[in-house]
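Peer 1: In my numbering, the protein residues as written are 1 to 95.
Written out as structure tokens, the structure reads:
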């Protein structure tokens with residue numbers, strides 16, 4: 001079993017409240033789940049108005065497949081999310 005994980009930090013400069021930030025973060029998590037069947041959550045920077053750290057995971061039987069799905073998910077985030085990517089990493093582990 002291979003678990004592929006993505007973690008990224010996004011900057012949401014137009015966010016003026018935590019409620020607005022959480023709306024955008026919820027939208028990102030929902031898109032990741034609907035389009036790529038990833039489990040996703042906001043994992044850090046909960047109290048920041050302009051930054052969010054989001055993590056996602058996918059279980060498969062192939063490291064290549066898992067990491068390619070995460071690359072596609074990252075491309076979707078870059079294209080469709082009204083935020084700037086500050087940091088991103090993809091990692092896979094075998095269990």
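We put the beta carbon where it would ideally sit given N, CA and C, even for glycine.
Quick caveat: nothing in here was measured; it's all calculated off a predicted structure.
Contact between the region 60-73 and the region 12-24: three or more CB pairs below 8 Å?
Peer 2: no
Peer 1: I'd like to confirm something about residue 49: is its beta-carbon nearer than 7 Å to some heavy atom of the ligand NAP, or not?
Peer 2: Because no ligand of any kind appears in the structure shown, any question about the ligand NAP cannot be addressed here.
Peer 1: If you run the structure through DSSP and keep just helix, strand and coil, what is residue 67?
Peer 2: In the structure shown, residue 67 sits in a helix (DSSP, three-state: H, G or I).
Peer 1: Exposed or buried, what is residue 95 when buried is set at 16 or more other beta-carbons lying within 10 Å of its beta-carbon?
Peer 2: Result: exposed.
Peer 1: Whole angstroms is fine: what's the gap from residue 72's alpha carbon to residue 9's?
Peer 2: 17 Å
Peer 1: In the DSSP assignment, what are the bridge partners of residue 5?
Peer 2: 57 and 91
Peer 1: Let me make sure I understand the geometry here. Which of 38, 48 and 11 has the alpha-carbon closest to that of residue 78?
Peer 2: 11
Peer 1: Using the rule of at least 16 other Cβ atoms within 10 Å of the residue's Cβ for burial, across every protein chain shown, is residue 14 buried or exposed?
Peer 2: With fewer than 16 other CB atoms across the displayed protein chains lying within 10 angstroms of its CB, residue 14 is exposed.
Peer 1: Are the beta-carbon atoms belonging to residue 66 and residue 32 less than 8 Å from one another?
Peer 2: No, they are not a contact pair.
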